[in-house]
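The sequence shown begins at 8 in the working numbering and counts up one residue at a time. Beneath this line is the structure, given in structure tokens, with notes to follow.
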Amino acid sequence: MKRKRSGEMGIAKILGVALGISGVILIIHTVPLYIWYAALIASVILLMFLLYNV
């Protein structure tokens, strides 16, 4: 089994990060803003619940 060179792995890593960021941007722009606010409030409430009940 051949090992990939570090240069190839770096390029693949950068490409993966770029694809991930572009996917997130696409999702953010297609979902309405009020859904993001609702998700943000729900995640903050969940975080507070987990922090204070453990």
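Glycine is no exception: its CB is placed at the ideal position from the N, C-alpha and C atoms.
DSSP three-state label for V24, please.
Mapped onto the sequence shown, residue 24 falls at position 17. In the structure shown, V24 sits in a helix (DSSP, three-state: H, G or I).
V51, enclosing alpha helix (DSSP H) - first and last residue
As a working mapping, residue 51 is identified with position 44 in the sequence shown. Start and end: 40–60.
Rounded to the nearest angstrom, what separates V31 and L22 at their Cα positions?
Start at 1 with the first residue of the sequence shown, and residue 31 comes out as number 24. Start at 1 with the first residue of the sequence shown, and residue 22 comes out as number 15. Each residue's Cα considered, the two are about 14 Å apart.
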